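Student: One structure, as structure tokens, below. Some questions next.
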Amino acid sequence: MTKQLRVALAGNANVGKSAIFNQLTGLNQVVGNWPGKTVERAEGTLHFKGYTIRVIDLPGIYSLSTFSIEEIVSRDYIAVEKPDIIVNVVDASALERNLYFTLQLLELEAPIVMALNQVDFAAKKGIRINTEKLSEILGIPVVPTVAITGSGINELLTTVIEVASGERKLKPLKVRFGAEVEKIVQELQRIVERTLPQLCEVYPARWIATKLLERDSDVAGKLKNYEGGAEVLEYAEKLAAELEKLHGEPSPVILASERYSIASKMAKEVTVVEAPPRISLEQKLDAITTHKILGYPILVGVVLVMFSLIFIGGSLFSGFLESLFSGTTLYIEGVLAFLPQAARSLITNGVFGGVVAGVTIALPYIVPFYIILALLEDSGYLPRAAFLMDNLMHKIGLHGKAFIPLVLGYGCSVPACIGCRIMETQRERLLAAFVVTLVPCAARTVVILGLVGRFVGLHAALALYVFDLILIFILGRIAFKVLPGEPVGLIMEMPPYKRPSLKSVLTKTWSRTKDFVYIAFPIIVAGSLTITALNLTGFINYITAGAKPLISGWLGLPVEAGIPLIFGVLRKELALILLSQLIPLESLSAIQMIVFALVIMIYIPCIATIAALIREFGWRKALAITFTDITLALLLGGIAYRFLLLFMPLS
Amino acid sequence: MMFRNRKNAQRQNTARNEGELHALTDMAEGEKGVIVKALGGFGLVRRLADMGLTPGVEVKLLRKGSFGGPVEIEVRGVTLALGRGVASRVLVKPVKDEPHD
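Chains A and B supply the protein sequences, listed in that same order.
Whatever position you read off the first sequence (first residue = 1), add 3 for my numbering.
Whatever position you read off the second sequence (first residue = 1), add 2 for my numbering.
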């Protein structure tokens, strides 16, 4: 029988934690959410020396406080689920900041093995770390690794098993603060031990005491369920106030300073700076890409290259797949010839049509998009883009990081909505997602260019894009004012530039594509089936008849345009194809084309995006965004129709 | 070498004693300072401390973004970007350095 082990990877962002995770589990991983939370949970299994090891990749965080959901999820997992081993992934080139996190893991009394990662990069910066000494000070094994190449991974696993099997004993460092703070922590610890023995079975008493002194709202909330909890809380408050009077700082800052002073001393003790740091290629690249003036044309260039690659690659790939599938559809129809017409149509148009739509439209654009995204991520360019755009993003109440999902939105709204997770708070995520749904994705671009660009002229298509940007700006500002809560400023690490690794890029692309297929495909198929059924039963005629005043009365479009607008919910570019099947596109006036494209551009992105919104924000908020978008699209479409009539007579 | 370092250290000390408080955003590119205090809400101050911006730590302003964009700083061997609003609430005491530094 194989022995089971549970190992969690914990560490700062940008330390190569996912690279270690990928080295350990390969493609054998499942990416999902933590139960009830929109925090990504990656899990994989591997077999090593007779052990089956389940590896959980905890989110990359800088502290175990309560700043973000990620921090709470991580510390609860470590304290409550008690994995057999925590592998603390540490960036050797930024030891001090990383040790600050390690100290917090030690405070949680977790069994830790340290993976000292990126030792090659540190060496390039002239930093050498005495691992034996570090291991001795911390009382835990320290294994040097280079995750990108896989160097040190076997040693890491061997060490994990040695510790888990008890072959190697840990003597973890007991974190002790300076005398004044220490006295107060210990005083509170004794009270916690005495009053809350049950809670102390889950969390270490000293940790509870420290968190209470830091005025940790999550831990304070836990206390309320216990007898005597309120008294402890009151006493902790008194002690925290005492501490603050003594030091003249908020208590969390005092404790952070204490930890940093330990980390700083430790880092100095084990670090040998071999060569004076000189200006490297990475630093030069950093200077140019965040340059006051040069940075912006570079950013524009990067975005343009990205989209040309996506659109050129996507349309080639898409055309190829479509020709492949058109044969298959006919074949399936032939095989199903024995079925009645309605059933056959349900299967071929409904189910199979949905799958084909997903494969031929979504995937060809999504895959190159994910590859480029992974390249930009791994190289370290994205934080630079966020740096440049911070000021502009602040105008709509977001900070620079929101630029990233916004750009993703021009590719596809689904990953863009999920990409909003990089924002820190739920408010920021929702705001970013709302803005993202208004960004014309690749499919909407097909309609805008294929209808307005082709028949009215490129200037009109461009005007639509400019209008959209203005709209995003105005609505973002309104949403920012309407949504309760404080805007969060930008505090972001700028990791050094690195050469991306092919393996990491491909692994990321694979797991994200898989995730996209899981979210989008069932919805696309279900939606396609529903609309085919509506069509077959003739029910769709009632809908279009009902929508007539809206479509032709308000929007000034031909009645037939109602059907493509409804079908467009499945996939936006389908709307154009359908419209061309119903009426010759040339018969539309320029105004009608512009209005049609405008409505398509703004109303709900598509059914897969709604699914992504539901997953990220729940039903109510997803419906609120959907409803807002539809109302807006119809409202603006009608206004645009009347406005344009003033300038362009109907032909 | 020893002598120069000591002199340098002395100079830094006097600067620390005499220097007045500046917001991080008021520093010039390449200038160094010691964090004195971060103003602002509990959450922001704690977040800054978690990222290593605790009182007494030395920071170097690397770059200021244009159009009131963020500032890039180096602290504890790590590069951070702080939005203007955030950076304007971080008070530092400038550290005079050797001119060639």
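Don't be surprised by glycine CBs; every beta carbon is placed ideally from N, CA and C.
None of these values were measured; they are calculated from a predicted model.
So, is the C-beta of residue 82 of chain B closer than 9 angstroms to a C-beta in chain A?
Tutor: yes
Student: I want to verify the contact list: residues of chain A whose CB lies under 8 angstroms from the CB of residue 88 of chain B, in sequence order.
Tutor: 492, 493, 494
Student: Could you pull out every residue in the same chain whose Cβ sits closer than 8 angstroms to the Cβ of residue 17 of chain B, ignoring the five residues on either side in sequence?
Tutor: The pLDDT assigned to residue 17 of chain B is 39, lower than 50, so where the model puts this residue is not dependable; a value taken from the coordinates is nonetheless given after this. Cβ neighbours of residue 17 of chain B beyond the five flanking positions: 95, 96, 97, 98.
Student: Can you look up residue 12 of chain B in the DSSP assignment and give me helix, strand or coil?
Tutor: Note that residue 12 of chain B scores 41 on pLDDT, short of 50, meaning its location in the model is unreliable; the coordinates nonetheless yield the value given after this. Residue 12 of chain B falls in the helix class under three-state DSSP.
Student: So, is the C-beta of residue 72 of chain B closer than 9 angstroms to a C-beta in chain A?
Tutor: yes
Student: Is it buried or exposed for residue 3 of chain A, if we count other Cβ within 10 angstroms and need 16 for buried?
Tutor: In the structure as shown, chain A begins at 4 and stops at 654. Residue 3 of chain A is therefore absent and cannot be evaluated.
Student: Tell me which residues of the region 388 to 401 of chain A have at least one Cβ-Cβ distance to chain B shorter than 9 angstroms, keeping chain order.
Tutor: Listed in chain order, the positions of the region 388 to 401 of chain A with a beta carbon within less than 9 angstroms of a beta carbon of chain B are 389, 390, 391, 392, 393, 394, 395, 397.
Student: Measure from the C-beta of residue 57 of chain B to each C-beta in chain A and report whether the shortest distance is under 9 angstroms.
Tutor: yes
Student: Which runs of the alpha helix (DSSP H) at least 4 residues long sit entirely within the region 102 to 155 of chain A? Give them in chain order.
Tutor: Inside the region 102 to 155 of chain A, DSSP marks whole alpha helix (DSSP H) runs of 4 or more residues at positions 122 to 127, 134 to 141, from first to last along the chain.
Student: In its own chain, which residues sit with a C-beta less than 7 angstroms from the C-beta of residue 27 of chain B, not counting the 5 before and 5 after it?
Tutor: 73, 86, 89, 90
Student: Grab me the residues of residue 283 of chain A's own chain with a C-beta within less than 8 angstroms of its C-beta, minus the 5 sequence neighbours each way, in chain order.
Tutor: Cβ neighbours of residue 283 of chain A beyond the five flanking positions: 127, 128.
Student: In the structure shown, what three-state DSSP assignment does residue 426 of chain A receive?
Tutor: Under the three-state reduction of DSSP, residue 426 of chain A is assigned to coil, being neither helix nor strand.
Student: Determine the DSSP secondary structure at residue 3 of chain A, reduced to helix, strand or coil.
Tutor: Outside the modelled stretch of chain A, which goes from 4 to 654, sits residue 3 of chain A, for which no answer is possible.
Student: Check each candidate in A/521, A/324, A/566 and name the one with the smallest Cα separation from residue 362 of chain A.
Tutor: Nearest in C-alpha terms to residue 362 of chain A, of all of A/521, A/324, A/566, is A/324.
Student: Do you know how far the Cα of residue 74 of chain A is from the Cα of residue 80 of chain A?
Tutor: 10 angstroms
Student: Determine, using beta carbons only, whether residue 595 of chain A and residue 560 of chain A come nearer to each other than 9 angstroms.
Tutor: In contact: residue 595 of chain A and residue 560 of chain A (Cβ atoms closer than 9 angstroms).
Student: For the beta strand (DSSP E) containing residue 39 of chain B, name the first residue and the last one.
Tutor: 34 to 40
Student: Measure the beta-carbon distance from residue 47 of chain B to residue 253 of chain A and round it to whole angstroms, keeping in mind my assumption that it falls under 8 angstroms.
Tutor: 6 angstroms
Student: From residue 65 of chain A to residue 56 of chain B, what does the alpha carbon distance come to, in whole angstroms?
Tutor: 14 angstroms
Student: What does residue 97 of chain A touch in chain B if you count any residue whose Cβ is under 7 angstroms from its own?
Tutor: Residues of chain B with a Cβ closer than 7 angstroms to the Cβ of residue 97 of chain A are, in chain order, 79, 80.
Student: With residue 74 of chain B as the anchor, note down where its beta strand (DSSP E) starts and where it stops.
Tutor: Start and end: 73 to 77.
Student: Can you pull the DSSP bridge partners for residue 32 of chain A?
Tutor: Paired residues: A/47.
Student: Would you be able to state if there are at least three C-beta pairs under 8 angstroms between the region 127 to 147 of chain A and the region 6 to 25 of chain A?
Tutor: no
Student: In the region 482 to 549 of chain A, which residue ranges form an unbroken alpha helix (DSSP H) of at least 4 residues, counting only runs that do not cross its ends?
Tutor: 505 to 539
Student: Over what stretch of residues does the alpha helix (DSSP H) that includes residue 386 of chain A continue unbroken?
Tutor: 384 to 397
Student: Keeping to the same chain, check which residues put their C-beta closer than 7 angstroms to that of residue 431 of chain A; ignore five residues upstream and five downstream.
Tutor: Answer for residue 431 of chain A: 401, 491, listed in chain order.
Student: Could you give the first and the last residue of the continuous beta strand (DSSP E) run that contains residue 14 of chain A?
Tutor: 6 to 14
Student: Among A/487, A/333, A/576, which has the Cα closest to the Cα of residue 446 of chain A?
Tutor: A/576
Student: Out of A/171, A/276, A/605, A/112, state which residue places its alpha-carbon closest to the alpha-carbon of residue 204 of chain A.
Tutor: Restricting attention to A/171, A/276, A/605, A/112, the CA atom closest to the CA of residue 204 of chain A is found in A/112.
Student: Counting only Cβ pairs nearer than 7 angstroms, list the residues of chain B close to residue 115 of chain A.
Tutor: Correct list: empty, because the minimum Cβ distance to chain B is about 19 angstroms.
Student: Which residues bound the alpha helix (DSSP H) around residue 618 of chain A?
Tutor: From DSSP, the alpha helix (DSSP H) with residue 618 of chain A extends over 610 to 620.
Student: In the DSSP assignment, the alpha helix (DSSP H) including residue 248 of chain A goes from what residue to what residue?
Tutor: 232 to 250
Student: Closer than 7 angstroms by C-beta to residue 22 of chain B: which residues in its own chain qualify, once you throw out the five before and the five after it? Chain order, please.
Tutor: none
Student: Would you list the one or two residues that DSSP bridges to residue 56 of chain A?
Tutor: A/8, A/49
Student: Which residues share a DSSP beta bridge with residue 94 of chain A?
Tutor: A/120
Student: Could you check the C-alpha separation between residue 166 of chain A and residue 88 of chain A for me, to the nearest Å?
Tutor: Rounded to whole angstroms, residue 166 of chain A and residue 88 of chain A show a C-alpha spacing of 8 angstroms.
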